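K.L.:
Structure in structure tokens, see below.
Residue numbers (the numbering used here): 26 to 105.
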């Protein structure tokens with residue numbers, strides 16, 4: 026594979042993943058009560074615990090985007 030193809034793929038992966046992260050955040054903020062009611066049918070979670078789980082999930086997802094998409098993208102951009 027060409028390095029430019031890998032770099033472009035990493036860029037688009039980062040764009041798509043940030044789009045998913047923004048969608049998750051907006052959906053969580055705008056439909057919080059509905060999502061909580063849906064999940065509380067399956068799991069016994071307090072609202073605080075539910076918010077903590079989602080906040081930690083978003084943080085972990087964002088760290089994954091930086092670690093697996095953006096860092097390799099910038100490393101390849103510098104190397105070219």
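The beta-carbon is built from N, C-alpha and C at its ideal position, and this holds for glycine as well.
Bear in mind the structure is a predicted one, so any value in this text is a computation, not a measurement.
Measure the C-alpha to C-alpha separation of residue 104 and residue 97 and round it to an integer number of angstroms.
P.N.:
Each residue's Cα considered, the two are about 10 Å apart.
K.L.:
Residue 61 and residue 70 - do their beta-carbons sit closer together than 9 Å?
P.N.:
Yes, these two residues count as a Cβ contact at 9 Å.
K.L.:
Run the CB neighbour count on residue 41, radius 10 Å, all protein chains shown included, and call it buried at 16 or more, exposed below.
P.N.:
With fewer than 16 Cβ atoms within 10 Å of its Cβ, residue 41 is classed as exposed.
K.L.:
So residue 98 is in the alpha helix (DSSP H); what residue range does that whole segment cover?
P.N.:
Looking at the DSSP string, the run of the alpha helix (DSSP H) that includes residue 98 is 96-104.
K.L.:
Only counting runs of 4 or more residues, tell me where the alpha helix (DSSP H) segments fall wholly within the stretch 32-104, in order along the chain.
P.N.:
Listed in chain order, the complete alpha helix (DSSP H) runs (minimum 4 residues) inside the stretch 32-104 are 57-65, 72-90, 96-104.
K.L.:
Using a threshold of 9 Å, state whether the C-beta atoms of residue 90 and residue 46 are closer than that.
P.N.:
Closer than 9 Å, so yes.
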